[in-house]
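For reference, the structure discussed in these notes is given below.
Protein chains in written order, with the numbering used here: chain G, 725 to 834; chain E, 467 to 625; chain L, 101 to 366.
See below:
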C-alpha cells in the first residue's frame with residue numbers, strides 16, 4: 725500500500741436521503757511525462773494517480789479516471805446520497821499500481 | 467471611497483526593463499517546446515470512440531470554469547448535469563476534454579443513482595487558452611455536451 | 101500589448117502625479133489594514149477560494165505533516181517537540197506573529213526555521229533539518245499555522261532596530277542587471293500586471309505559502325531568491341543574515357495583517 729497523504733471532508737451525520745458533498749485532496753506531483761530534466765535533457769517519465777474511487781458501505785458510488793492534465797495535488801469533490809450509517813472508503817491508484825486509502829464514518833439518522 | 471496608495475516617484479525605465487526581459491520569461495515558461503497540440507478534431511475523435519454514432523445534444527450540462535485562469539497549471543473546473551439521478555434515469559459518466567492541450571483527455575467521472583447529484587469539481591492543467599468540453603452519457607443512452615472557453619495568460623509582454 | 105498598456109498607464113499616472121485606483125476602502129475586510137493590502141487581495145477569486153477552503157488548499161497537507169512530526173521522538177535526547185512544548189495550539193500560538201526576532205545569544209535575528217533547528221540540535225541532540233526540504237517546511241508551516249488569523253506584529257525597535265534598518269536598506273537598494281529595488285515593483289506597481297502576474301505589496305505574513313507556480317509549498321526565502329533572480333541579481337543563501345533581516349522588514353510591511361499560513365499564491 726502506498727503512503728498517500730490525503731485529506732477528506734465528509735459530514736459526521738446526515739439525514740437519510742440527504743445528498744451531501746465530499747471533498748478530497750491528495751498530495752501527488754502528477755508528473756505528466758512531457759517534462760524534460762533541464763540538466764540532462766532527458767524526459768521525466770509519466771507518473772500520476774490515474775484512478776480515484778469512493779465506496780459507500782462496500783459499493784462503488786463514484787469514481788474517476790485521471791489523465792496527466794489533472795493538476796498536481798489533485799482535488800476532487802462530488803456528492804453522495806445518505807442511505808445507511810457506515811463508512812465511506814476512498815482509494816487512489818497510481819501508475820505503478822500502488823493504492824492509497826482513507827476512510828470516514830458517517831451516521832445516518834431518520 | 468477610492469483608496470489611495472501613495473505613488474513613489476518611479477523611474478519609467480523600470481517597467482521597460484521588466485518587459486525587455488519578458489521574452490526570456492516566455493521562453494522559460496513554455497513548458498513543452500516542439501510539442502504537437504490536440505485540436506477540436508482530436509477531441510471529436512475521442513468523443514466518437516466513446517459514443518460511436520450516437521447523437522449528441524447541446525445543453526443540460528453547466529460547466530464551472532474561470533473566464534481567465536490565474537495559472538494554467540491549476541485551473542479549477544466543475545460541472546453539473548441536470549438529471550433526476552434515479553435508477554430509471556441517471557447520468558452514468560461525464561468526460562472532460564481540452565481541445566488544445568498536448569493530449570485531449572482530462573478526466574472521466576462515473577456516477578450512480580447513489581451519487582444523488584451529477585456534479586463534480588477538480589483542477590486541471592491548461593497549456594494555453596482553449597475550450598473545455600464536457601460530454602455526459604445517461605443510462606437511457608442520451609448524450610449531452612457543453613463547451614466553455616478559458617483564457618490562460620501565459621505572460622510576457624507579447625501576451 | 102501588456103507592455104504598452106503598462107507604459108501607458110504609468111505615463112498617465114506620472115503625468116497626473118497620482119495614485120491609481122486600487123478598490124474601495126474596507127472592501128477587503130481583514131485583508132486590508134490602512135493602505136496595506138495582503139497579497140491575497142491581488143489574487144483571482146478562484147485562487148482566493150482555494151485558500152479559503154482547508155480542503156481545497158494543498159498547503160494544508162503540510163499542517164498534517166507538521167502535526168505528525170511534532171510528537172515524533174528524534175535525536176540522542178530521546179525527545180519530541182511535544183515533550184517540551186506540549187500542545188502546539190497553546191504554546192505556539194502567537195509565535196508566528198513575532199518572528200523573526202532578536203536573539204541575545206546570537207546577537208542577531210533568528211527566524212522560525214532557525215529556531216526549530218536550534219531546538220533540534222540543542223534540545224533534542226538531533227541533526228538539523230535542511231532548508232526547503234519537506235520536514236523543515238512542514239514544521240515551519242505547522243508552527244506558523246498556530247497563529248493563523250493573528251495580526252503580524254514583529255518588533256522593530258530596541259535590539260532589533262539595526263537589523264530592521266539593514267532589511268529596509270536591502271529592500272530599497274537597486275540591484276541586478278535590471279537595476280531595480282524590491283520597491284521598484286512592490287511599492288510602485290501593486291495591482292499592476294507584469295508578465296503573467298499581478299504585483300502585490302510583497303509582504304511576508306503568508307509564508308510558507310503554496311504557490312501555483314511551484315505546485316508546492318515554499319519558504320519566504322525561496323520567494324526572495326525568486327524575486328532577486330527576476331531582476332537578474334545573485335540570490336542569497338537560505339537563512340542568510342541578509343534574508344533574515346529582509347524577512348523582518350517584509351513582516352513589518354504586513355503589520356496588522358492576519359497570518360495566512362499556509363496561504364495560496366500564484
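Where is the CB? At the ideal position from N, CA and C, for every residue including glycine.
Just how far apart, CA to CA, sit residue i and residue j?
i: residue 509 of chain E; j: residue 601 of chain E; result: 11 Å
i: residue 607 of chain E; j: residue 514 of chain E; result: 14 Å
i: residue 765 of chain G; j: residue 759 of chain G; result: 9 Å
i: residue 544 of chain E; j: residue 528 of chain E; result: 8 Å
i: residue 788 of chain G; j: residue 574 of chain E; result: 5 Å
i: residue 205 of chain L; j: residue 222 of chain L; result: 13 Å
i: residue 800 of chain G; j: residue 597 of chain E; result: 21 Å
i: residue 244 of chain L; j: residue 184 of chain L; result: 18 Å
i: residue 352 of chain L; j: residue 235 of chain L; result: 27 Å
i: residue 490 of chain E; j: residue 763 of chain G; result: Reliability of the predicted coordinates at residue 490 of chain E is poor, the pLDDT of 36 falling under 50, and no value is obtained from them.
i: residue 362 of chain L; j: residue 541 of chain E; result: 19 Å
i: residue 347 of chain L; j: residue 200 of chain L; result: 7 Å
i: residue 593 of chain E; j: residue 267 of chain L; result: 38 Å
i: residue 180 of chain L; j: residue 360 of chain L; result: 26 Å
What residues match up with residue i in a beta bridge as DSSP calls it?
i: residue 824 of chain G; result: G:816
i: residue 318 of chain L; result: L:309
i: residue 523 of chain E; result: E:610
i: residue 746 of chain G; result: G:802
i: residue 733 of chain G; result: G:747
i: residue 565 of chain E; result: According to DSSP, which records beta bridges pairwise, residue 565 of chain E is partnered with nothing at all.
i: residue 778 of chain G; result: G:786 and G:814
Kindly indicate if chain G contains any beta-carbon less than 8 Å away from that of residue i.
i: residue 238 of chain L; result: no
i: residue 595 of chain E; result: no
i: residue 146 of chain L; result: no
i: residue 164 of chain L; result: yes
i: residue 225 of chain L; result: no
i: residue 572 of chain E; result: yes
i: residue 160 of chain L; result: yes
i: residue 619 of chain E; result: no
i: residue 330 of chain L; result: no
i: residue 588 of chain E; result: yes
Please list the terminal residues of the continuous beta strand (DSSP E) segment that includes residue i.
i: residue 585 of chain E; result: 584 to 590
i: residue 164 of chain L; result: No beta strand (DSSP E) contains residue 164 of chain L, which is instead part of the alpha helix (DSSP H) from 160 to 170.
i: residue 573 of chain E; result: 571 to 576
i: residue 365 of chain L; result: 363 to 365
i: residue 596 of chain E; result: 596 to 604
Residue i CB to nearest chain E CB: under 8 Å?
i: residue 345 of chain L; result: no
i: residue 800 of chain G; result: yes
i: residue 727 of chain G; result: no
i: residue 750 of chain G; result: no
If we call anything under 8 Å between Cβ atoms a contact, is residue i one with residue j?
i: residue 584 of chain E; j: residue 557 of chain E; result: yes
i: residue 588 of chain E; j: residue 798 of chain G; result: yes
i: residue 283 of chain L; j: residue 226 of chain L; result: no
i: residue 345 of chain L; j: residue 209 of chain L; result: yes
i: residue 813 of chain G; j: residue 779 of chain G; result: yes
i: residue 254 of chain L; j: residue 198 of chain L; result: yes
i: residue 796 of chain G; j: residue 156 of chain L; result: no
i: residue 224 of chain L; j: residue 177 of chain L; result: yes
For the alpha helix (DSSP H) holding residue i, just list the boundary residues, first then last.
i: residue 342 of chain L; result: 341 to 352
Shorter than 8 Å from the beta carbon of residue i to some beta carbon of chain L?
i: residue 615 of chain E; result: no
i: residue 777 of chain G; result: no
i: residue 759 of chain G; result: no
i: residue 532 of chain E; result: yes
i: residue 756 of chain G; result: no
i: residue 568 of chain E; result: no
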